[in-house]
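To get my numbering, take the position in the sequence shown, counting from 1, and add 17.
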Amino acid sequence: MVELVEFASDGELSDGLPRSRLRAFLVTCWRETYQEQLGSDIATAMVESLAGDDLGGILPATDERVVLAFHDDRIVGSCVYAARGETVYVWGCYIRRAFQRSGTGRRLILHVQREGLSARRLQVTVLCASAGAIAFYGSLGFAVVERVEYELLPGCREPALVMELATA
18 MVELVEFASD GELSDGLPRS RLRAFLVTCW RETYQEQLGS DIATAMVESL
68 AGDDLGGILP ATDERVVLAF HDDRIVGSCV YAARGETVYV WGCYIRRAFQ
118 RSGTGRRLIL HVQREGLSAR RLQVTVLCAS AGAIAFYGSL GFAVVERVEY
168 ELLPGCREPA LVMELATA
């Protein structure tokens, strides 16, 4: 059974979950995902960026919310989001490989959708190299609204899709 727990992003994550635990989860997911998609050098640089307080840009401000999926006290999924105006921006949505296609990602996005009740849309930016993520969001009803060059790291841009889901 997977349990969802939500935390505020300010300081140490509330309820005693330190950033170090989220960082360790992200290191695993980023290696699993980006080494294959973007190559070893970029994946290594991305993992190294997790050492900062903002966890490589995952927690860049103070209004983010973090929803974690736990299985047997292990983090198996994460979704970071922030409601800003009429849009809920979703980023940092990662599922441990062994839990992909288990419904965990769908549950995380549905949780975010419920929490952002006043929002008119959810928006996510997905790397074009992440075919599985594009298919996942598409299966939830997200549609491509824009193609962009996304800056992964200073001087490292990758083609990406901005996808949206109308909620109202």
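From the three backbone atoms N, C-alpha and C, an ideal C-beta is built for every residue, glycine too. Please read all numbers here as calculations on a predicted model, not as lab measurements.
query, result
"Considering only their Cβ atoms, is the gap separating I92 from F205 smaller than 7 angstroms?", "Residue 205 falls outside the range modelled here, since the chain spans only 18 to 185, and no answer is possible."
"Would you say L178 faces chain B, with C-beta separation under 7 angstroms as the test?", "Of the protein chains in the structure, only one exists, and it is not chain B."
"Just the Cα atoms here: how many angstroms apart are L21 and L39?", "14 angstroms"
"I need the boundaries of the alpha helix (DSSP H) containing A60, first residue and last residue.", "57–66"
"Please name the residue, chosen from R164, R123, I59, V107, that lies closest to C173 on a Cα-to-Cα basis.", "I59"
"So what does DSSP say about E132, is it helix, strand or coil?", "helix"
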